[in-house]
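In this note's numbering, the protein residues as written are 626 to 1263.
See the structure below:
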C-alpha cells in the first residue's frame, strides 16, 4: 500500500519560520530522502498539502523533485487560492491575480508564480463552491484595510475553508508532518488546528519545532498535544521505522487478488447449497417458491457498470472539469471489484449457511431414520436403518471437513466486508471523503479485507476536480441520495421478511415440542386406560413403539428447527436491518433538507458530513452482523 503523508506548517510570514527556513528545509529533506529510500520505486509516497506559501510549498517542491505524487486539497479554486496565499495587499494585486487585470507588485508576483507553478504540477481538489463569497470578502478587505469588520469576516470565512481542506487532507494520510513553533495558537484551519484534528482521528503527527528544527517529537493522541514538550523524542531511524510500520509489507493485497481478482467469479448459486434459502422461503410464507428453482444469478461486472453504476458515472462525467481518468479508475478498481466481491461473498454465504442448516437437518433425520424401524419391524431388521443413520452422519462430517478446509465461514466474512466497503466507495472517492487510517474496524481474523480495500482506495486518491454547487447537488441527489434510498428500502423489506421467518420458525418448533408432549401424554393415558380395563393392555403395548418413535422424532425435528432458529438468528438480523433502515431514513431526511436549501447554505462540509454518516452506518452494520455470526463456525450440530 502506498504511504501517504501530509504536511502542515507556518507560512513564510511567520517570524520563527522565516528565521529558521534553511534549517527546516534541511530537516524536511533529510526525512523525505530517508523515506524515499525505504519505499519501493513503483510505490513512491504521496504527499498532501494545502499549498500555503511556507512549509507547505517547501515540502511540495521536495516531494516533486523526488518523483512523489502530490495531492493538494485546496480551500478555494486555483485562482483564488493563489491570490489569498500570495497575500495580495491591494485591490490592484487582487484583481491582477483573480482576473488578470493589470499587474501586481513584484514581491506578490513572485510568490503567486511559485504557488501557480506548484498548482500545475500536482493533483488539485478544489473546494470552490464558496469562491464568489470569498472573492468579494477579499476585495472588500484589500479595498478597506482599516475596516476591522471586513477583515474579520474574510479571516473567519477563509479559516473555515482551510479547516475543510485540512479535514480532507488528514483523512487521506497515514502520518502528518507539522512544522510548528509550539506556541502559536493559530486560527481554525491553521497549523495547530490541523494537528489537533489529525490526532483526534488517530493520525500520528511528527512535530518539527520551527524554533529548533532538529528537535523532533511524535504526538500520537489528542492529549499529547497538551503535553507536547514531554512527548517522545524521535530520530530519523524511528521515523522511517514508523512509516514502514504504518504501511507494512504484507500479503493482504495478494490474498485479496487470489480470492477476488484471479479467475472468473461465480455466476450463480449452486443447488447443493440451497437448503438455507428453502428454509427462508418456507418460513417466510412463500410456499409456492419452496418447490421451485431458487438459483440466483449474480450480477456480472458489465451489468453492474451498465445498470447499477451507470447514473453515477454519467452524472459525474457531466460535471464541469470532470476527471475522466479518475472515473475510469473508479469503474475498474472499485465498481468492478465490488461486483466480483459481492458474487464471491454471496456464493460463500450460501455454502456456509447452507452447509450448517443441512447439518442440523441431517442430524435430525439421522436420529429419526435410525429408530424408524420401531413401529414396523423387530430389532433384527434394524441394520438398514442403522446404515441410513451412519450414511447421514458421514455426510455431516464430510460437510464439516469440506467447510473448514475451504474456510467458508472466514472467507464469507472477509469477502462480504470487502463488498460492503466498496459498495458506497464511489461517491466517497468523488467527494474526497475517506475513512481515516486509524478508524478502520479491527477484526479477529487477519484483517486483510480492510488492508486490501484501503490499498485500493489509497492508490486512487483524490480526483483532480473542482467542487461547485452543481457538484454538491449532483452528489446529494444522484450519488448519495440514490444509494441511501435503495439501501433503506432493501433493509426495511429485509427486516420485515426476517421477522416473519423468525416468528414462523419459532412457532413451528414450539408446536412440534407441544405435539411431542401430547404424544407422550396420550401414551400415558393409554397405559392408565389399559390398567383400569378400559382398553386391552396388548393394544397399548403393541402401539408403544409407534409412540416411542413419535416421542423421539417430533422433539428431534423441533430441536433441529430450534437449532436453525439459533444459528441463523433471524430475529437479531431483522433488528439490525430495522435499525439500519431507520438510520438511513434519517440520512434521507437530511439530504432532502439540504436539496431544498438555497445555494448559500449548501457547502462542501455539510455534504461531506452526510457521506461520512453513510459510511458510519455501513461499518456499524458490518460489525453488528459479524458479531452475530462471529462464533458460529461450521461444526458438529450438537
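We put the beta carbon where it would ideally sit given N, CA and C, even for glycine.
Per DSSP, the bridge partner or partners of residue 696: Here residue 696 is taken as the residue at index 71 of the chain shown, counted from 1. 673 and 748, per the DSSP bridge assignment.
Residue 922 (DSSP reduced to helix, strand or coil): Here the question's residue 922 lines up with position 297 in the chain shown. In the three-state reduction of the DSSP assignment, residue 922 falls in the strand class.
Extent of the continuous alpha helix (DSSP H) to which residue 816 belongs: Within the chain shown, numbered from 1, the residue matching residue 816 stands at position 191. Residue range 816-825 is occupied by the alpha helix (DSSP H) that includes residue 816.
Beta-carbon proximity list for residue 702, same chain, < 7 Å, skipping 5 on both sides: Numbered from 1 along the chain shown, position 77 holds the residue referred to as residue 702. Exclusion of the five residues before and after residue 702 leaves 751, 753, 756 and 1091 as the residues of its chain whose Cβ lies within less than 7 Å of its Cβ.
Residue 857 - partner residues in DSSP beta bridges: The residue labelled residue 857 in the question sits at position 232 within the chain shown. Secondary-structure assignment with DSSP links residue 857 through a beta bridge to 843.
Inter-residue Cα distance where the pair is residue 1253 and residue 1036: As a first step, residue 1253 is located in the chain shown; it is residue number 628 there, counting from the start. As a first step, residue 1036 is located in the chain shown; it is residue number 411 there, counting from the start. Going by the C-alpha atoms only, they are around 16 Å apart.
Under 8 Å between C-beta atoms of residue 983 and residue 1025: Looking up residue 983 in the chain shown gives position 358. Looking up residue 1025 in the chain shown gives position 400. Inclusion of residue 983 and residue 1025 in the CB contact set at 8 Å is not warranted, their separation being larger than that value.
Span of the beta strand (DSSP E) around residue 626: Taking the first residue of the chain shown as position 1, residue 626 is located at position 1. First-last for residue 626: undefined, no H or E at that position.
Three or more C-beta pairs below 8 Å linking the region 1052-1071 and the region 1081-1099: Judged by Cβ distances under 8 Å, the region 1052-1071 makes contact with the region 1081-1099, as three or more pairs qualify.
Close beta carbons around residue 972, own chain, < 7 Å, minus the five adjacent residues each side: Your numbering for residue 972 matches position 347 in the chain shown. Excluding residues within five positions, the ones whose Cβ falls inside 7 Å are 891 and 894.
Any alpha helix (DSSP H) of 4 or more consecutive residues that is wholly inside the region 905-987: The DSSP assignment places 912-915, 935-942 and 949-954 as complete runs of the alpha helix (DSSP H) inside the region 905-987, in order along the chain (cut-off: 4 residues).
Where residue 775 sits in the DSSP three-state scheme: Translated into positions along the chain shown, residue 775 becomes position 150. Helix at residue 775.
Which listed residue (761, 1199 and 1140) has its alpha carbon closest to that of residue 1122: Here residue 1122 is taken as the residue at index 497 of the chain shown, counted from 1. Among 761, 1199 and 1140, the Cα nearest to that of residue 1122 belongs to 1199.
Residue interval of the alpha helix (DSSP H) (run including residue 1259): Translated into positions along the chain shown, residue 1259 becomes position 634. First-last for residue 1259: undefined, no H or E at that position.
Inter-residue Cα distance where the pair is residue 985 and residue 1006: As a first step, residue 985 must be located in the chain shown, where it is residue number 360. As a first step, residue 1006 must be located in the chain shown, where it is residue number 381. If I take the Cα positions, the gap works out to 27 Å.
Close-in-space but distant-in-sequence residues of the same chain around residue 940 (CB under 8 Å, 5 per side omitted): Numbered from 1 along the chain shown, position 315 holds the residue referred to as residue 940. Excluding sequence neighbours, residue 940 sits near 1099, 1103 and 1104.
Helix, strand or coil at residue 803 [DSSP, three-state]: Within the chain shown, residue 803 is the residue found at index 178, counting from 1. Residue 803 sits in a strand when the DSSP states are folded into three classes.
Pairwise C-alpha distance: residue 1195 and residue 1172: In the chain shown, the residue the question calls residue 1172 occupies position 547. In the chain shown, the residue the question calls residue 1195 occupies position 570. Using only the alpha carbons, I get a separation of about 33 Å.
Assigned exposure category for residue 735 - 16 Cβ within 10 Å defines buried: For this step, residue 735 is matched to residue 110 along the chain shown. The residue in question, residue 735, is exposed, as its Cβ has fewer than 16 Cβ neighbours within 10 Å.
Simplified DSSP state of residue 1030, which is helix, strand or coil: Indexing the chain shown from 1 puts residue 1030 at position 405. Looking at residue 1030 - three-state DSSP - the assignment turns out to be helix.
Residue environment, residue 777, which counts as buried when at least 16 other CB atoms sit within 10 Å: In the chain shown, the residue the question calls residue 777 occupies position 152. Residue 777 is exposed by the Cβ-count criterion.
Burial state of residue 635 (16 or more Cβ within 10 Å): Locating residue 635 in the chain shown gives position 10, counting from the first residue. So residue 635 counts as buried.
Selected residue, minimal CA-CA separation from residue 1233, among 1101, 950, 1161 and 1209: Position 608 of the chain shown, counted from the start, is the residue given in the question as residue 1233. Of 1101, 950, 1161 and 1209, the residue nearest in Cα terms is 1101.
Every unbroken alpha helix (DSSP H) within the region 1083-1129, with a cutoff of 4 residues, ordered by chain: Complete alpha helix (DSSP H) runs here, min 4: 1094-1099.
When 723, 911 and 791 are compared against residue 825, the one with the closest alpha-carbon: Within the chain shown, numbered from 1, the residue matching residue 825 stands at position 200. Considering only 723, 911 and 791, the residue with the shortest C-alpha distance to residue 825 is 791.
Under the three-state DSSP convention, the category residue 633 falls into: Reading the chain shown from its first residue, position 8 is the one you call residue 633. Reduced to three states, the DSSP call for residue 633 is strand.
Identified DSSP bridge partners for residue 834: For this step, residue 834 is matched to residue 209 along the chain shown. Residue pairing of residue 834 in beta bridges, as defined by DSSP: 805.
Short Cβ contact (8 Å threshold) for residue 1116 with residue 1052: The residue you call residue 1116 lines up with position 491 of the chain shown. The residue you call residue 1052 lines up with position 427 of the chain shown. In this structure, residue 1052 does not lie closer than 8 Å to residue 1116 by Cβ.
Whole-angstrom C-beta distance between residue 1011 and residue 995, which should lie under 8 Å: Locating residue 995 in the chain shown gives position 370, where the first residue counts as 1. Locating residue 1011 in the chain shown gives position 386, where the first residue counts as 1. Right, their Cβ atoms sit about 6 Å apart.
Residue from 943, 772, 1235 and 706 whose Cα sits closest to the Cα of residue 745: Locating residue 745 in the chain shown gives position 120, counting from the first residue. Among 943, 772, 1235 and 706, the Cα nearest to that of residue 745 is on 706.
Residue 950: CB within 7 Å of a non-hydrogen atom of the ligand MN: As far as ligands go, the structure on display features none, and thus does not contain the ligand MN.
Through-space distance from residue 1030 to residue 829, alpha-carbon basis: Within the chain shown, residue 829 is the residue found at index 204, counting from 1. Within the chain shown, residue 1030 is the residue found at index 405, counting from 1. So the two alpha carbons sit approximately 40 Å from each other.
DSSP state of residue 679 mapped onto helix, strand, coil: One-based indexing of the chain shown puts residue 679 at position 54. The answer is strand: DSSP assigns residue 679 an E or B state.
Rounded C-alpha distance that separates residue 591 from residue 954: Not covered by the structure: residue 591. The range shown for the chain is 626 to 1263.
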